[in-house]
Amino acid sequence: MRIDIITVLPELIQSPLSHSILKRAQEKGLVEIYFHNLRDFATDKYKSVDDYSFGGGAGMVMKVEPVFRVIESLKSERNYDEIIYTSPDGIPFSQRLANELSSITNMIILCGHYKGVDQRIRDHLITREISIGDYVLSGGELAAAVITDAIVRIIPGVISDETSALTDSFQDNLLAPPVYTRPADYESLKVPDVLLSGNAKEIEKWRFEKSLERTRKLRPGLLEKNEDAE
Ligand code: SAH
0 MRIDIITVLP
10 ELIQSPLSHS
20 ILKRAQEKGL
30 VEIYFHNLRD
40 FATDKYKSVD
50 DYSFGGGAGM
60 VMKVEPVFRV
70 IESLKSERNY
80 DEIIYTSPDG
90 IPFSQRLANE
100 LSSITNMIIL
110 CGHYKGVDQR
120 IRDHLITREI
130 SIGDYVLSGG
140 ELAAAVITDA
150 IVRIIPGVIS
160 DETSALTDSF
170 QDNLLAPPVY
180 TRPADYESLK
190 VPDVLLSGNA
200 KEIEKWRFEK
210 SLERTRKLRP
220 GLLEKNEDAE
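Residue numbers (numbering that gives the first Met the number 0): 0 to 229.
Set out below in structure tokens:
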């Protein structure tokens with residue numbers, strides 16, 4: 000997979016994508032991530048990427064020219080399956096969407112700033128608009144980092160224990176069960192016996208029950224989604 004991220008602040012997004020699982024995914028060659036500084040594609044001598052809003056009102060708007068230039072230059076080099084714009088009014092990001100996007104080959108993510116981007120960019124270049132939640136961030140970089148992280152960690156081969164990502168919360172509309180590690184007894188705070196029993200069947204059953212219990216208590220709406228799917 001190849002991900003091209005377009006931003007006015009590359010340094011804001013480079014770090015979260017260069018550690019841990021994301022770092023290993025790139026080292027293994029399973030994903031290539033490129034950052035493009037929008038300012039490098041500005042067309043005027045001041046390298047401006049934003050301008051006043053037509054019709055007045057507070058806040059600057061990201062200009063069409065630099066965004067069209069960078070996206071058209073990328074598109075002339077390869078085909079892109081998705082050109083994503085991070086936006087609070089986009090479709091809500093979810094595990095299901097992450098799963099879907101994890102199987103595509105090339106994608107662009109455009110990070111907005113200020114009041115957002117000129118609507119012509121959204122109308123003519125963008126294939127999907129994604130929100131990471133009902134709140135407003137200062138820029139799209141953190142949203143792009145969240146989306147990229149969630150997509151890349153489930154690309155087959157990225158996490159060495161293949162089943163690990165599949166047992167995380169939301170994969171089956173259930174929250175993950177509680178987890179414990181050594182010591183089995185910390186000042187009388189004990190790990191449930193079943194996990195020490197070595198009985199794989201019993202452990203699986205216990206985990207499933209705990210997942211259900213947790214989901215019922217914390218996110219009952221997810222169980223309704225399961226029923227919808229049946
Ligand atoms: N005026 C816009 C908000 C602009 S915030 C509005 O009211 O909808 C500046 C940029 O941050 C946006 O262009 C977008 O790229 C990013 N952003 C802010 N909140 C976001 C969210 N919840 N999800 C994804 N991107 C977000």
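Using N, Cα and C, we set each Cβ at its ideal position, and we do this for glycine too.
Nearest-angstrom Cβ-Cβ length linking Thr222 and Arg215, presumed shorter than 8 Å = A quick correction: the sequence has Leu, not Thr, at residue 222. Going by Cβ atoms, the distance from Leu222 to Arg215 rounds to 7 Å, so yes, they are a contact pair.
DSSP-derived helix/strand/coil call for Arg121 = helix
key: Distance CB(Pro9)-CB(Phe40) smaller than 8 Å   = no
Nearest-angstrom Cα separation, counted from Ile150 out to Asp133 = 20 Å
message = Between Tyr185, Gly138 and Ser19, which has its C-alpha nearest Met59's C-alpha?
response = Gly138
Residue span of the beta strand (DSSP E) that contains Thr6, given as start and end = Arg1 to Thr6
inquiry  = Could you tell me the alpha carbon to alpha carbon distance between Ser75 and Arg119, rounded to whole angstroms?
reply    = 20 Å
ask   = Helix, strand or coil: how does DSSP classify Leu29 here?
value = coil
query = What are the boundary residues of the alpha helix (DSSP H) that includes Arg77?
reply = Here Arg77 belongs to no alpha helix (DSSP H), and DSSP marks it neither H nor E.
task = Return helix, strand or coil for Ile146, following the three-state DSSP convention.
result = helix
query = Within the present structure, is the beta-carbon of Gly111 separated from the nearest heavy atom of ligand 1 by less than 7 Å?
reply = yes
inquiry  = Alpha carbons only, please: which of Met0, Ile20, Pro15 and Leu37 is nearest the one belonging to Glu31?
reply    = Met0
query = Exposed or buried, what is Tyr33 when buried is set at 16 or more other beta-carbons lying within 10 Å of its beta-carbon?
reply = exposed
key: Any non-hydrogen atom of ligand 1 within 7 Å of Pro176 CB   = no
inquiry  = Spatial neighbours of Glu26 within its chain, please: C-beta separation below 8 Å, excluding the five flanking residues on both sides.
reply    = none
ask   = To which residues does DSSP link His35 through a beta bridge?
value = Ile5
query = Do you know offhand how far Val193's Cα is from Trp205's?
reply = 8 Å
inquiry  = When you compare the CB positions of Ile154 and Ala57, do they come within less than 8 Å of one another, or not?
reply    = no
query = For Lys46, which three-state DSSP category applies?
reply = coil
query = Is it the case that the CB of Ser52 approaches a heavy atom of ligand 1 more closely than 7 Å?
reply = no
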